[in-house]
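Mapping of the sequence shown onto our numbering: residues 53 to 186, in sequence order.
Glycine included, each C-beta is placed from N, C-alpha and C at the ideal position.
Nothing here was measured: the structure is a model prediction, and the numbers come from that model.
These notes concern the structure reproduced below.
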Amino acid sequence: MTNCLIDKQIRIPLLGQISDLHRYREADKMMNYYGDLIEKHGHVLLYSFGPVVRLLVNELDMLADVLSEQNSKNYIKPIITSTVFAPIIGYHNLLVAEGSEHERARRMINPASYHTNLKSIISIIAEGEARLDQ
């Protein structure tokens, strides 16, 4: 896994980003917004809304660590994840579930997430992103 230090001084205030968010959304280019944030601040950054600070991770090794079977118990999802997303996408999935339910959901998608299968979908993702950029 890549070692990554986060400079606590580099914090992106959400209110300071509202005009940018609006501009990208109006142009239907939200993926570009996140790409520009990554380009400007790196793959791991902090953002805040008032006193609430969030960590945005766009680093494949770190995400694999969070989603791995060995470490999944070390990461607890914030309560807002289940209160906001569960009514929309349901409770029985990898994004929302915890504990044994999370393990069940992870086992269900595990065959789809082997490294070779991930490599094969890179071109599909790149094509989709290219369409979003247009």
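Who pairs with residue 97 in a beta bridge, going by DSSP?
-> 108
Rank 183, 160, 129, 159 by C-alpha distance to the C-alpha of residue 147 and give the top, closest one.
-> 129
Is the distance from the Cβ of residue 112 to the Cβ of residue 97 below 9 Å?
-> no
Give every residue of the same chain whose Cβ lies closer than 6 Å to the Cβ of residue 123, excluding the five residues on either side of it in the sequence, and list them in chain order.
-> 117
Counted within 10 angstroms of its Cβ, other Cβ atoms place residue 74 as buried (16 or more) or exposed = exposed
Under a Cβ-count criterion, where at least 16 other Cβ atoms within 10 Å of its own Cβ denotes burial, should residue 142 be classed as buried or exposed?
-> exposed
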